[in-house]
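Numbering of the sequence shown is given in this note's numbering, commencing with residue 9 and proceeding in unit increments.
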Amino acid sequence: MIRKMEQKDREAFVEMSNEFYHSDAVLHSIPESFIRKTFDELMAGSPYIDGYIFECDGEKAGYSLLSITYSNEAGGLVVWVEEIYILPKFQGRGIGKEYMDFIEEAYKGKAARIRLEVEEANERAINIYKNKGYKQLDYVQMYKGK
Numbered sequence: 009m010i011r012k013m014e015q016k017d018r019e020a021f022v023e024m025s026n027e028f029y030h031s032d033a034v035l036h037s038i039p040e041s042f043i044r045k046t047f048d049e050l051m052a053g054s055p056y057i058d059g060y061i062f063e064c065d066g067e068k069a070g071y072s073l074l075s076i077t078y079s080n081e082a083g084g085l086v087v088w089v090e091e092i093y094i095l096p097k098f099q100g101r102g103i104g105k106e107y108m109d110f111i112e113e114a115y116k117g118k119a120a121r122i123r124l125e126v127e128e129a130n131e132r133a134i135n136i137y138k139n140k141g142y143k144q145l146d147y148v149q150m151y152k153g154k
């Protein structure tokens with residue numbers, strides 16, 4: 009089951025997000041205070057972020073965060089799949105594929121593009137996205153700040 013995050017998911021989200029940020033799927037960890045702030049933004053109803061919980065066999069199996077932006081290049085709204093994390097014991101059950109189908113359907117006609125980042129070494133995820141029709145952008149991403 010895929011559902012929107014609720015207040016009752018706070019500690020599970022914090023725990024899973026900490027696991028995600030200490031995994032090979034990311035380049036570096038982040039402070040837990042950022043994770044808690046993100047959850048607070050979700051619960052406050054920010055129009056720029058959506059959060060989902062995955063459940064399997066009656067247990068929380070993972071989560072995802074989406075960021076909503078506008079892109080002149082894409083010609084409309086862009087849904088950024090900011091994070092997807094599936095607990096190890098639930099990996100390989102098709103939850104990620106099911107979620108990507110869910111997002112494509114939920115934002116059909118609303119978003120011009122669905123975009124995501126993936127660590128180069130995460131070949132399993134790259135193959136899932138390629139099989140779903142995602143293409144690589146050859147941008148160098150830069151940032152300033154946190």
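Cβ coordinates follow ideal geometry from the N, Cα and C atoms, glycine included.
Item checked: Whether Ile94 touches Leu73 by CB criterion (8 Å) -> Against the sequence shown, residue 94 aligns to sequence position 86. Against the sequence shown, residue 73 aligns to sequence position 65. No, the Cβ-Cβ distance between Ile94 and Leu73 is not below 8 Å.
Next item on the list: Output the distance between the C-alpha atoms of Tyr137 and Val89, rounded to the nearest integer angstrom.
Entry: Position 129 of the sequence shown holds residue 137. Position 81 of the sequence shown holds residue 89. Each residue's Cα considered, the two are about 12 Å apart.
Next item on the list: Decide if the region 21–37 is in contact with the region 126–135; the criterion is three or more beta carbon pairs, one per stretch, under 8 Å apart.
Entry: yes
Notebook entry, point to check: What separation, rounded to the nearest whole angstrom, lies between the Cα atoms of Phe47 and Arg18?
Noted result: Residue 47 sits at position 39 when you count from the first residue of the sequence shown. Residue 18 sits at position 10 when you count from the first residue of the sequence shown. Rounded to whole angstroms, Phe47 to Arg18 spans 7 Å at the Cα level.
Next item on the list: Pick out whichever of Tyr60, Lys97, Gln99 and Val87 has its Cα sitting closest to the Cα of Lys16.
Entry: In the sequence shown, the residue the question calls residue 16 occupies position 8. Per the Cα distances, Tyr60.
Next item on the list: Would you check if the distance between the CB atom of Leu85 and the CB atom of Ala120 is smaller than 8 Å?
Entry: Numbered from 1 along the sequence shown, position 77 holds the residue referred to as residue 85. Numbered from 1 along the sequence shown, position 112 holds the residue referred to as residue 120. Cβ distance < 8 Å, so Leu85 and Ala120 count as in contact.
Item checked: Where Val148 falls, given that 16 or more other Cβ within 10 Å makes a residue buried -> On the sequence shown, position 140 is the one that residue 148 refers to. Under this definition Val148 is an exposed residue.
Check: Can you give, in chain order, each stretch of the beta strand (DSSP E) that sits fully within the region 102–138 and has at least 3 residues?
Finding: Along the region 102–138, the beta strand (DSSP E) occurs as fully enclosed runs of 3 or more residues at 121–124, listed in sequence order.
Next item on the list: Have a look at Ser79 and Lys68 and give me their C-alpha separation to the nearest angstrom.
Entry: As a first step, residue 79 is located in the sequence shown; it is residue number 71 there, counting from the start. As a first step, residue 68 is located in the sequence shown; it is residue number 60 there, counting from the start. Taking the straight line joining both Cα atoms gives about 33 Å.
Notebook entry, point to check: If you check the beta carbons only, do Gly66 and Ile103 fall under 8 Å apart?
Noted result: On the sequence shown, residue 66 is found 58 positions in, with the first residue counted as 1. On the sequence shown, residue 103 is found 95 positions in, with the first residue counted as 1. Not closer than 8 Å, so no.
Item checked: Residue burial classification, Leu50 (beta-carbon count within 10 angstroms, cutoff 16) -> Counted from its first residue, the sequence shown places residue 50 at position 42. So Leu50 counts as buried.
Note to self: I need the boundaries of the alpha helix (DSSP H) containing Leu85, first residue and last residue.
What the structure shows: For the purposes of this step, residue 85 is taken as the residue at position 77 of the sequence shown. Unbroken run through Leu85 is the beta strand (DSSP E), Gly84 to Ile94; no alpha helix (DSSP H).
Next item on the list: For the alpha helix (DSSP H) containing Leu50, list its first residue and its last residue.
Entry: Taking the sequence shown and counting its residues from 1, one reaches residue 50 at position 42. Looking at the DSSP string, the run of the alpha helix (DSSP H) that includes Leu50 is Glu40 to Ala52.
Checklist line | Beta-carbon separation (whole angstroms), Phe62 vs Tyr107, contact threshold 8 Å | finding: Mapped onto the sequence shown, residue 62 falls at position 54. Mapped onto the sequence shown, residue 107 falls at position 99. Taking the Cβ atoms as the reference, Phe62 lies roughly 7 Å from Tyr107, within the contact range of under 8 Å.
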